[in-house]
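Engineer: Just so we're aligned, residue 152 is where the sequence shown starts under our numbering, counting upward by one.
Every residue, glycine too, gets a C-beta built ideally from N, C-alpha and C.
Source: prediction; values computed, not measured.
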Amino acid sequence: MPHPFIRALRRFVYTEGGKRSHTAEESVGIDGAPVPFFVNEFWTSRQRQAHSLHEVSYRACFKPQLPRFFIERLTAPGDVVYDPFSGRGTTVLEAALAGRRIIANDVNPLSRLLSRPRIEAPSYQAVAERLESIPYRRGLRPDIPLSMFFHRDTLAEILSLRAYLRSRHRTGREDAADRWIRMVATNRLTGHSSGFFSVYTLPPNQAVSPQRQRLINRSGGRRPEYRDTKRIILKKSRLLLKELMKEEAAALRRTARYARFLTGDARRTEAIPRSSVRLTVTSPPFLDIVQYAQDNWLRCWFNGIDAEEVGRTITMSRTVEEWNGVMGEVFRELYRITRREGWVVFEVGEVRNGTVRLEEEVVRLGRNAGFVCEGVMINRQRFTKTANIWGVRNNRHGTNSNRIVLFRKGGNP
Numbered sequence: 152m153p154h155p156f157i158r159a160l161r162r163f164v165y166t167e168g169g170k171r172s173h174t175a176e177e178s179v180g181i182d183g184a185p186v187p188f189f190v191n192e193f194w195t196s197r198q199r200q201a202h203s204l205h206e207v208s209y210r211a212c213f214k215p216q217l218p219r220f221f222i223e224r225l226t227a228p229g230d231v232v233y234d235p236f237s238g239r240g241t242t243v244l245e246a247a248l249a250g251r252r253i254i255a256n257d258v259n260p261l262s263r264l265l266s267r268p269r270i271e272a273p274s275y276q277a278v279a280e281r282l283e284s285i286p287y288r289r290g291l292r293p294d295i296p297l298s299m300f301f302h303r304d305t306l307a308e309i310l311s312l313r314a315y316l317r318s319r320h321r322t323g324r325e326d327a328a329d330r331w332i333r334m335v336a337t338n339r340l341t342g343h344s345s346g347f348f349s350v351y352t353l354p355p356n357q358a359v360s361p362q363r364q365r366l367i368n369r370s371g372g373r374r375p376e377y378r379d380t381k382r383i384i385l386k387k388s389r390l391l392l393k394e395l396m397k398e399e400a401a402a403l404r405r406t407a408r409y410a411r412f413l414t415g416d417a418r419r420t421e422a423i424p425r426s427s428v429r430l431t432v433t434s435p436p437f438l439d440i441v442q443y444a445q446d447n448w449l450r451c452w453f454n455g456i457d458a459e460e461v462g463r464t465i466t467m468s469r470t471v472e473e474w475n476g477v478m479g480e481v482f483r484e485l486y487r488i489t490r491r492e493g494w495v496v497f498e499v500g501e502v503r504n505g506t507v508r509l510e511e512e513v514v515r516l517g518r519n520a521g522f523v524c525e526g527v528m529i530n531r532q533r534f535t536k537t538a539n540i541w542g543v544r545n546n547r548h549g550t551n552s553n554r555i556v557l558f559r560k561g562g563n564p
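(1) Just how far apart, CA to CA, sit residue 389 and residue 268?
(2) Look at the Cβ atom of residue 429, then the Cβ atom of residue 242, and state whether they are nearer than 8 Å.
(3) Does residue 443 come out as helix, strand or coil in the three-state DSSP assignment?
(4) Using the C-alpha atoms, what's the distance from residue 432 back to residue 232?
(5) Using the Cα positions of residue 349 and residue 363, report the straight-line distance between them to the nearest angstrom.
(6) Under a three-way DSSP split, which group does residue 148 fall into?
(7) Which stretch, first to last residue, makes up the beta strand (DSSP E) that contains residue 175?
(8) Does the beta-carbon distance from residue 520 to residue 256 come in below 8 Å?
(9) Does DSSP classify residue 397 as helix, strand or coil?
(10) What is the rounded straight-line gap between the Cα of residue 466 and the Cα of residue 458?
(11) Give the secondary structure of residue 403 by DSSP, where H, G and I count as helix, E and B as strand, and everything else as coil.
(12) Could you work out which residue in 303, 328, 300 is closest to residue 276 when comparing CA atoms only?
(13) I'd like to check one pair, residue 249 with residue 223: are the Cβ atoms closer than 8 Å?
(14) Quick one: give me the first and last residue of the beta strand (DSSP E) that residue 431 is part of.
(15) Would you give the residue range spanned by the alpha helix (DSSP H) that residue 283 belongs to?
(16) Evaluate residue 476 with the Cβ neighbour count: other Cβ atoms within 10 Å of its Cβ, from every protein chain shown; 16 or more gives buried, anything less gives exposed.
(17) Considering only C-alpha positions, which residue in the set 378, 526, 483 is nearest to residue 190?
(18) Secondary structure at residue 457, three-state DSSP: helix, strand or coil?
(19) Between residue 264 and residue 207, how many whole angstroms is the CB-CB distance? I'm expecting something under 8 Å.
(20) Just the C-alpha distance for residue 311 and residue 318, rounded to the nearest angstrom, thanks.
(21) Reducing DSSP to helix, strand and coil, say where residue 212 ends up.
(22) My understanding is that residue 497 touches residue 523, with C-beta atoms under 8 Å, so please give their C-beta distance in whole angstroms.
(23) With DSSP run on the structure shown, which of helix, strand or coil describes residue 518?
(24) Going by the DSSP bridge assignment, what does residue 185 pair with across the sheet?
(25) Rounding to the nearest angstrom, what Cα-Cα distance links residue 385 and residue 301 in this structure?
(26) Over the uninterrupted beta strand (DSSP E) stretch that includes residue 315, give me the two end residues.
(27) In the structure shown, what three-state DSSP assignment does residue 152 receive?
(28) Excluding the 5 residues preceding and the 5 following residue 516 in the sequence, name in chain order all residues of the same chain whose CB lies nearer than 7 Å to its CB.
(29) Mind listing, in chain order, the continuous alpha helix (DSSP H) runs of no fewer than 4 residues lying wholly within the segment 318-382?
(30) What three-state label does DSSP hand residue 478 in the structure shown?
(31) Over the uninterrupted alpha helix (DSSP H) stretch that includes residue 262, give me the two end residues.
(32) Starting from the C-beta of residue 541, find all residues in its chain whose C-beta is less than 6 Å away, skip the five residues before and the five after it, and write them out in chain order.
(33) Short check: CB of residue 347 to CB of residue 340, under 8 Å?
(34) Between which residues of its own chain and residue 494 is the CB-CB distance below 6 Å, once the five residues before and five after are set aside?
(35) Check each candidate in 468, 163, 271, 423 and name the one with the smallest Cα separation from residue 489.
(36) For the beta strand (DSSP E) holding residue 413, just list the boundary residues, first then last.
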């Protein structure tokens, strides 16, 4: 007998703006066992449907509508929701907004710095008052060359803010307002408009090298202009907090008391008790070569993190075989912490233009760990009758799709 959630997927009809699409289904054999593939547009692609608190730049993050779809259907208030590759914290923020308990993990320490402050979000007034109290000193000079990114007065403000935050953290006086300011400042260091501290640069969610920035400045005929860092932090804070109602803020603060933010290897999460997680929603790192220090050197500098050391702790998988080895261990750990009748939702997206079908590898990995594979969802934006079910293994339609493998833990806990 199919699980009620699977029956609901089969009956699911997406409706938006007069458009209706029914779920299409095909059975695909993987290692001799059939796996149902469900294809539809299951949630809107419109950014405005996401809460304003999500508007923090981060590489390769899925839309908040994805975890929300599963949180609403597979958990109840008070259940534990987990993401072992938390990134900017999309899953745990959606779970917290829905009144669930949360656990986030990521090997990147920046993940915690970007996630936790939005779970314990302070009021705009508290942020403004704290910023006003921070002493800014002119004439400060950095320990690394940064003049190609920032005007000297802007840089002095950044250095003042950095020194204040380091002191608050070191002396144990750091609070929610400080962590919020750190998060927003980290997010506003470099970017492509006057809403960032830097001169024009690309991309906004990672820093180019000083040498590359000099070339960008020269080719565009630009030089760093003064940016008012307090004004920029307040403007971004207002945008992030604009949809946060008082009741939501209170609920988030209640969740924050029990929230756990781990920084480590997803294969070894001893801090998470056995059989404690109701739902995991995650998207793992794919077959990419991650240059952590190259991408994050400036944000790490601002936060006193050794980017080279962090980079050495990140496991990179260049081949499917290497990736399977790492993810196999992750799945065994997920099986340990998942409750009986709990779920793991594993999104793998499109990899190498669809030439690598990672969802089929994931099905095998989850089964080998002990999970029951309930199916694969393909959330396809702009779903039409022409982009139909025959594309589940041969996606040549130019559509933007998520490939999501669904696992349930049955039997003994």
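Structural biologist: Well, looking at it:
(1) Using only the alpha carbons, I get a separation of about 14 Å.
(2) By the CB criterion at 8 Å, residue 429 and residue 242 fall outside the cutoff.
(3) Correct three-state label for residue 443: helix.
(4) Computed Cα separation, rounded: 8 Å.
(5) Cα-Cα distance, rounded: 14 Å.
(6) Outside the shown range of the chain (152 to 564) lies residue 148, about which nothing can therefore be said.
(7) Taken as a continuous stretch (DSSP letters only), the beta strand (DSSP E) holding residue 175 covers 175-181.
(8) No, Cβ-Cβ distance for residue 520 and residue 256 is not below 8 Å.
(9) Helix, per DSSP.
(10) Roughly 14 Å separates the two Cα atoms.
(11) Three-state result, residue 403: helix.
(12) Measuring from the Cα of residue 276, the nearest candidate turns out to be 328.
(13) In this structure, the beta-carbon distance from residue 223 to residue 249 falls below 8 Å.
(14) Residues 428-433.
(15) Residue range 275-284 is occupied by the alpha helix (DSSP H) that includes residue 283.
(16) When all chains shown are included, residue 476 counts as exposed.
(17) Comparing Cα positions, the closest option is 526.
(18) Reduced to three states, the DSSP call for residue 457 is coil.
(19) Wrong, their Cβ atoms sit about 11 Å apart, outside the cutoff.
(20) Answer to the nearest angstrom: the Cα atoms are 11 Å apart.
(21) Looking at residue 212 - three-state DSSP - the assignment turns out to be coil, as it is neither helix nor strand.
(22) In fact, because the Cβ distance is near 13 Å, the residues do not count as touching under 8 Å.
(23) Assignment of residue 518 by DSSP, reduced to helix, strand and coil, places it in the helix class.
(24) DSSP, once it has assigned bridges, lists 180 as partnering residue 185.
(25) Whole-angstrom Cα-Cα distance: 19 Å.
(26) Going by DSSP, residue 315 is part of no beta strand (DSSP E) but of the alpha helix (DSSP H) stretching over 303-321.
(27) Correct three-state label for residue 152: coil.
(28) For residue 516, same chain residues with a beta-carbon under 7 Å away, outside a window of 5 residues either side, are 475, 478, 479, 482 in chain order.
(29) Complete alpha helix (DSSP H) runs here, min 4: 327-338, 361-371.
(30) It is helical.
(31) It spans 260-270 - the alpha helix (DSSP H) in which residue 262 sits, taken as one unbroken run.
(32) With a pLDDT of only 39 at residue 541, under 50, the local geometry of the prediction cannot be trusted, and the value read off the model is given with reservation. None.
(33) Yes, the Cβ-Cβ distance between residue 347 and residue 340 is below 8 Å.
(34) For residue 494, where only same-chain residues beyond five positions count, the Cβ hits under 6 Å are 225, 430, 559.
(35) Comparing Cα positions, the closest option is 423.
(36) Run containing residue 413: 411-413, per the beta strand (DSSP E) assignment.
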